[in-house]
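In our numbering, the protein residues as written are 3 to 288.
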């Protein structure tokens, strides 16, 4: 269904995606798991024929993403991290507009909108302006928009990002239901391991534009099992703080979280080493 061979994207001197290879099967839920800036979004945008790769090749249902870009776009639905909805229009007007962009036959549009309204529990709110919707409702509408032309392939970029735990669960449940009949291939970009474990058949770990490994969630967890991992949160993470922690006996590896002021620390013994780390931080007035 989806094949990538040597897929690469270069922005000036920045290598966003670095020679990646993978195959995604018909009806599979496939996840790209990695931190922000890892190359996940760039990858799915190339697959969706939004922009071309710098080198390499990708095909969607045997259509080349460069040579057959229009055919590819007609077969994919894309949920970007920002919903891109028209908030002054009603939900129905939004869906009608995007249905026409995708050349859905005019006589089919009303039924398609009602079907998606029922599927996403929005039927009673379709004629309200999107600006009045909660974040969770907007996300449901954005996924409905991606499905308006009934594409066989769906790309979802951080589908539960910035949602409350309750709203995120609703979205996960909807995606699980959507994938039950295996008629649609779904690709999910996420930095959330829980989402990847709950939703995906297979996961590609991607970092700095490279795929580190591909496997089932259980295989990924097994391959990365090893020394205990301790996580600390700080108001600010400095180089001196990282150096202080690195020098504690029993600390194997120290890594700063790519977004938050958190530090992940691999230790050889959680119960013995964690108190040592705390004492060292306090002693050094970190």
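Ideal Cβ placement from N, Cα and C applies to all residues, glycine included.
- Looking from the CA of residue 275, the closest CA among 259, 255, 145 belongs to 255.
- Looking at the DSSP output, residue 268 shares a beta bridge with 231, 255.
- Residue 244 is not bridged by DSSP to any residue.
- DSSP lists no beta-bridge partner residue for residue 90.
- Sequence-distant partners of residue 11 (beyond 5 residues in either direction) whose C-beta falls short of 7 Å from its own C-beta, in its chain, are 18, 19, 44, 48, 55, 56.
- DSSP places residue 207 in the strand class (E or B) of the three-state scheme.
- Beta-bridge annotation (DSSP): residue 217 is paired with 205.
- For the options 137, 191, 102, the alpha carbon positioned closest to that of residue 209 is the one of 191.
- Taking every protein chain shown into account, the CB of residue 13 has fewer than 16 other CB atoms within 10 angstroms, so this residue is exposed.
- Short of 8 Å from the beta carbon of residue 195, and not among the five residues preceding or following it, lie these beta carbons of its own chain, in chain order: 35.
- Every unbroken stretch of the beta strand (DSSP E) spanning 3 or more residues and falling wholly within the stretch 10–93 is given here in chain order: 16–26, 31–35, 57–62, 78–81.
- In the same chain as residue 122, and ignoring 5 residues on each side of it, the C-beta atoms closer than 8 Å to its own belong to 142, 143, 145, 146, 176, in chain order.
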